[in-house]
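So in our numbering, spot 226 of the sequence shown is number 229, and the numbers just go up one at a time.
Think of the CB as a built atom: it goes at the ideal place given N, C-alpha and C, for glycine as much as any other residue.
See structure below.
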Amino acid sequence: TEEWHRFSLLFRTKAQEDGYLKYHAQSTLNSAHFMGSVSVLVHLSFMLFRLVNYPLWRDSDRETVTLWWTFLVIWSFGLCGSVFLVILPCFKKFTSLTINEIIVSFSVSLILISCFSIQNVMARMHGFELEDDECFLEGDGFTTLPISAILSASHMALSIRWCVILPSEIFCILLYTSVRVSLRMPVRVTLFNVVFLSVLVLFISLGKRRLELAERRFFLTVIKERKLRVEAEFELSKRRDE
């Protein structure tokens, strides 16, 4: 029988799984810190962009103030998730390896929420109409493209098990669908984007799973080589003693 579960790829013995986590522990923290740093920079840059394009000091009508507060609330989720990733290495002595991965997955989910801080979505939340020069913001690409980028980056950059990051992907699709349906956005566009987001999640998950499978096989090879080396050194020491 295989040494890991067929779906989750977790090793059947706890000792092997713990060893695999320790083998990737530092890589997990480093990749989380890097992605969090980039995400913080993007969040702050986008906030600066919004300050320039929608300044409260120049146009402080009710709609502008309402949208600004909505933006800050939604954006704070993503910023908090980014900060969690940045400071995670500071708490490695106080958290287990599994908890670290769960925090990373949870942080990615928080970052995905900030993708809905688009002017079009926020205006629909409050029943506002976009101005003529903002009609281009009605395109759903301003939401789906950041979601796709974050999902892809989390799979390529983060060194965590695929079964741990999977819940954040499912959460993303459910969140996107619920927001679109609750705001009564065009059904055809919603279905089209949900299908393609699901396809994206499927293939990046399969890719992540194949990569992890290769890493686990390599880990077993390393363990077996170390075991053989220890046994050979033990036999050599016995012969010398004789």
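The C-beta separation of Val124 from Val86 comes to about 23 Å, leaving the pair out of contact by the 8 Å criterion. Using a C-beta cut-off of 8 Å, the region 234-244 makes no contact with the region 30-45, since fewer than three inter-stretch Cβ pairs fall below that distance. Taking a C-beta distance under 7 Å as the contact criterion, Ile163 and Thr31 qualify as a contact pair. By the C-beta density criterion, Ile90 is exposed, having fewer than 16 other C-beta atoms within 10 angstroms. The shortest C-alpha to C-alpha distance from Leu51 to any of Ala28, Leu75, Asn33 is the one to Leu75. Around the beta carbon of His158, 16 or more other beta carbons sit within 10 angstroms, so the residue counts as buried. Nearest in C-alpha terms to Cys83, of all of Glu66, Phe222, Val111, is Val111.
A Cβ-Cβ separation of about 25 Å leaves Tyr23 out of contact with Phe237 under the 8 Å criterion. Val197 places its beta carbon 7 Å or farther from that of Phe119. Under the three-state reduction of DSSP, Phe10 is assigned to coil, being neither helix nor strand.
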